[in-house]
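Visitor: Count along the sequence shown starting at 1, add 239, and that's the number in my numbering.
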Amino acid sequence: MPPPPGRHWAYDQDGIDRLEAENRIYFSKTGVPYLKQYLDESPGKPCQSIWPDVRMTRSGYERVDYETQKPEALLERIIAASSKEGDLGADLFCGSGTTAAVAEKLNRRWIMADLGRFAIHTSRKRMIELQRQRYSEEKPYRAFDVYNLGRYERQWWQAQALEGADDQHREIVLAFYRAEPLTGASSPLLHGRKGPAMVSVDGIDSILTLGELRPIVEAVKAAGAKEVHCLAWEFEMDLKRNAEALEHEYRVKARLIRIPREVMEKNRRPGVDEVPFFEMATLAAEPVVRVEGGVRIADVKLTNFLPSLSEVPSKELEALKERAVRSGFDFIDFWAVDFDHHDGQPFNHHWQDYRLRKDRTLKTVSDCGHKYQDTAPHTICVKVIDVFGCDTSTLLEVPGAGGSRSRNATSRRRGGR
């Protein structure tokens, strides 16, 4: 049919006849002619520095309500254009983990890093959710590990504010703790006194270990005291259980108290401003083991959790203290189980559960039914991340077939990494 009235042709009659012979003219339902063009005839336009076609973060599974979250479509374009499958990329300010999520979907390897515990916690949950999604879709996915590789904030404070002096650090911590400094102490491991208790302040760039705790307890015993407050930034795995064992051995109570980061803030004055000190978190769990067909099948039941509240702003403390004691499980945001843990080896997420924005329920008993095909004893590591981003772990022993009963252990590591 002829085209409707109006100007439609930009070619002379010979050109129109040629295009029609080549079947390059398409008539719409209204009779308007269009020129057929093919992709290999259109070189296109190079991508510009402004990408208006990338929309904001989509709602639903992609949105994690992180303040600086970027759309996956944006990272997909960047990663696809600058790498090929199997390449390794790094995002050293990973935020909500968008780079890793997209890289995993595009079959790229990835490394993420961030100083913020909330960023690490958000990214961890996002990648686990992606694993679940890809598993349900029968698509490949890979395991990942989370490492704490530095103590940058404290190291900066030590270098800039304290000029590298560890003794000055101890004086500041003792002043905030409102403890009396010891002069001429019988042991260099004892630095102060608070009431009848001795006080020991661990180094600014170290983790308090059993190897350090035992001589501290021995020094307190020799000084004739019955209690010591061990102030530290971090504690070795299993230290709380070992502290309880030392109490029975030496009749000296060792309280493990975390040094709050507020002592590093410029607007906080030692001995003047109140800074809350809390003992390390308490986590208790027990293995639930049954035998079927000669095979041990294990799960884990959480029995108690008391957060330390050391990361809670002072103005919110009073409202949360009673709730923490009454309902500590409310403060768990994520927990995972490594059913075959080995010292010095990465934590394996054999099972995990966590709260979602729309579903705040949380299981307190795992349901994976981990099978031990051998008869040897095994160690279970249970890891809890609380709503403040702090990491608390406990060790459980599964005895060998016909072995002795299991034991519980509890400790706290530096949160969120």
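Cβ coordinates follow ideal geometry from the N, Cα and C atoms, glycine included.
1. Residues bridged to residue 497 by DSSP?
2. Could you compute how far the alpha carbon of residue 314 sits from the alpha carbon of residue 379?
3. What does DSSP give as the partner residues of residue 541 in its beta bridges?
4. Leaving out five residues before and five after residue 336 in sequence, what residues of the same chain have Cβ atoms less than 7 angstroms from its Cβ?
5. Using C-beta distances below 8 angstroms, list every residue in its chain close to residue 391, excluding the 5 sequence neighbours before and after it, in chain order.
6. Determine the extent of the alpha helix (DSSP H) in which residue 366 is found, giving its start and end residues.
7. Quick check on residue 570: does DSSP put it in helix, strand or coil?
8. Would you list, in sequence order, the uninterrupted beta strand (DSSP E) runs of no fewer than 3 residues that lie entirely inside the segment 576 to 652?
9. Should residue 611 and residue 536 be called a contact, given that it needs their Cβ atoms to be closer than 9 angstroms?
10. Going by DSSP, name the residue or residues bridged to residue 266.
11. Flag this pair as touching only if the segment 467 to 481 and the segment 431 to 448 have three or more C-beta atom pairs under 8 angstroms; answer yes or no.
12. Return the CA-CA distance between residue 415 and residue 317, expressed in angstroms with no decimal places.
13. Compare the C-beta of residue 504 against all C-beta atoms of chain C and say whether one is closer than 9 angstroms.
14. Using the Cβ count rule (16 or more neighbours within 10 Å means buried), how would you classify residue 655?
15. Quick one: what's got a C-beta closer than 7 angstroms to residue 649's C-beta in the same chain, skipping five residues either side?
16. Using the C-alpha atoms, what's the distance from residue 255 back to residue 269?
17. Going by other Cβ atoms of all chains shown within 10 Å of its Cβ, with 16 needed for buried, is residue 393 buried or exposed?
18. Note down, in chain order, each residue of its chain lying with its Cβ closer than 7 angstroms to the Cβ of residue 273, except the 5 sequence neighbours on either side.
19. So, at 6 angstroms on beta carbons, what are the nonlocal neighbours of residue 440 in its own chain, with the 5 sequence-adjacent residues on each side left out?
20. Here's the rule I'm using: 16 or more other beta-carbon atoms within 10 Å means buried, otherwise exposed. How should residue 397 be labelled?
21. Could you check what DSSP says for residue 450 in three-state terms: helix, strand or coil?
22. Between 597, 587, 575, 401, which lies nearest to residue 625 when the distance is taken from Cα to Cα?
23. Indicate the three-state DSSP secondary structure (helix, strand or coil) for residue 530 in the structure shown.
24. Three or more C-beta pairs closer than 8 angstroms, one from the segment 333 to 347 and one from the segment 600 to 616: is that the case here?
25. Give me whichever residues DSSP pairs with residue 327 in a beta bridge.
26. Tell me which same chain residues have a C-beta within less than 7 angstroms of the C-beta of residue 421, skipping the five on either side of it?
27. Along the chain, where does the alpha helix (DSSP H) containing residue 484 start, and where does it finish?
28. From this set, 464, 567, 423, which residue's C-alpha is nearest residue 437's C-alpha?
29. Under 8 angstroms: do the segment 479 to 498 and the segment 380 to 387 share three or more Cβ pairs, one atom per stretch?
30. Would you kindly work out how many angstroms separate the C-alpha atoms of residue 333 and residue 499, rounded to a whole number?
31. Run through the DSSP bridge pairs and tell me what residue 439 is partnered with.
32. For residue 622, does the count of other Cβ atoms within 10 angstroms reach 16, so buried, or fall short, so exposed?
33. For the alpha helix (DSSP H) that residue 433 lies in, which residues bound it at each end?
34. What does DSSP give as the partner residue(s) for residue 492 in the beta ladder?
35. Do residue 546 and residue 570 have their C-beta atoms within less than 9 angstroms of each other?
36. Do you know how far the Cα of residue 492 is from the Cα of residue 474?
Guide: Based on what the coordinates show:
1. On the sequence shown, residue 497 is found 258 positions in, with the first residue counted as 1. For residue 497, which the question treats as bridged, DSSP gives the partners 471, 517.
2. Indexing the sequence shown from 1 puts residue 314 at position 75. Indexing the sequence shown from 1 puts residue 379 at position 140. Straight-line Cα distance between these residues: approximately 20 angstroms.
3. Start at 1 with the first residue of the sequence shown, and residue 541 comes out as number 302. Paired residues: 524.
4. Locating residue 336 in the sequence shown gives position 97, where the first residue counts as 1. Contacts found: 351, 361, 362, 365, 366.
5. The residue you call residue 391 lines up with position 152 of the sequence shown. Excluding residues within five positions, the ones whose Cβ falls inside 8 angstroms are 354.
6. Taking the sequence shown and counting its residues from 1, one reaches residue 366 at position 127. 356 to 375 is the span of the alpha helix (DSSP H), which, as asked, contains residue 366.
7. Along the sequence shown, one-based indexing puts residue 570 at 331. Here residue 570 sits in helix by DSSP.
8. 590 to 593, 609 to 611, 617 to 625, 630 to 637, 647 to 651
9. Taking the sequence shown and counting its residues from 1, the one referred to as residue 611 is at position 372. Taking the sequence shown and counting its residues from 1, the one referred to as residue 536 is at position 297. Yes, the Cβ-Cβ distance between residue 611 and residue 536 is below 9 angstroms.
10. Looking up residue 266 in the sequence shown gives position 27. In the DSSP output, where bridge partners are listed per residue, residue 266 has 272.
11. yes
12. One-based indexing of the sequence shown puts residue 415 at position 176. One-based indexing of the sequence shown puts residue 317 at position 78. Answer to the nearest angstrom: the Cα atoms are 48 angstroms apart.
13. No chain C is part of this structure, which consists of one protein chain only.
14. Indexing the sequence shown from 1 puts residue 655 at position 416. With a pLDDT of 34 at residue 655, under the threshold of 50, the modelled position of this residue cannot be trusted; read the value that follows with caution. It counts as buried.
15. For the purposes of this step, residue 649 is taken as residue 410 along the sequence shown, with counting starting at 1. Because the pLDDT of residue 649 is 36, which lies under 50, any placement of that residue in the model is unreliable, and the number read from its coordinates should be weighed accordingly. Hits under 7 angstroms: 479, 480, 521, 522, 523, 633.
16. Within the sequence shown, numbered from 1, the residue matching residue 269 stands at position 30. Within the sequence shown, numbered from 1, the residue matching residue 255 stands at position 16. Looking at the two C-alpha atoms, the distance is approximately 19 angstroms.
17. Against the sequence shown, residue 393 aligns to sequence position 154. With 16 or more other Cβ atoms within 10 Å, it is buried.
18. Within the sequence shown, the letter at position 34 stands for residue 273. So the list reads 265, 267, once near-sequence residues are dropped.
19. The residue labelled residue 440 in the question sits at position 201 within the sequence shown. Correct list, in chain order: 409, 412, 430, 470.
20. For the purposes of this step, residue 397 is taken as the residue at position 158 of the sequence shown. With 16 or more Cβ atoms within 10 Å of its Cβ, residue 397 is classed as buried.
21. Residue 450 sits at position 211 when you count from the first residue of the sequence shown. When DSSP states are grouped into helix, strand and coil, residue 450 belongs to the helix group.
22. For the purposes of this step, residue 625 is identified with residue 386 of the sequence shown, where counting begins at 1. When each option's Cα is compared against that of residue 625, the closest is 575.
23. Numbered from its first residue, the sequence shown carries residue 530 at position 291. Three-state result, residue 530: strand.
24. no
25. Indexing the sequence shown from 1 puts residue 327 at position 88. Paired residues: 348.
26. Along the sequence shown, read from residue 1 onward, the residue named residue 421 stands at position 182. Same-chain partners within the cutoff: 429, 430, 431, 432.
27. Reading the sequence shown from its first residue, position 245 is the one you call residue 484. Membership of residue 484 in the alpha helix (DSSP H) is indicated by the continuous run 478 to 489.
28. Taking the first residue of the sequence shown as position 1, residue 437 is located at position 198. Ranking the options by Cα distance to residue 437, first place goes to 464.
29. no
30. Locating residue 333 in the sequence shown gives position 94, counting from the first residue. Locating residue 499 in the sequence shown gives position 260, counting from the first residue. So the two alpha carbons sit approximately 25 angstroms from each other.
31. The residue given as residue 439 occupies position 200 in the sequence shown. According to DSSP, residue 439 bridges with 469.
32. What you label residue 622 is simply residue 383 of the sequence shown in a count that begins at 1. That one is buried.
33. Counted from its first residue, the sequence shown places residue 433 at position 194. Residue 433 -> not in any alpha helix (DSSP H); beta strand (DSSP E) instead, spanning 431 to 433.
34. Against the sequence shown, residue 492 aligns to sequence position 253. In DSSP, residue 492 forms a bridge with 466.
35. Taking the first residue of the sequence shown as position 1, residue 546 is located at position 307. Taking the first residue of the sequence shown as position 1, residue 570 is located at position 331. Cβ atoms of residue 546 and residue 570: closer than 9 angstroms.
36. Counting from one through the sequence shown, the residue named residue 474 turns up at place 235. Counting from one through the sequence shown, the residue named residue 492 turns up at place 253. Cα to Cα, residue 474 sits roughly 16 angstroms from residue 492.
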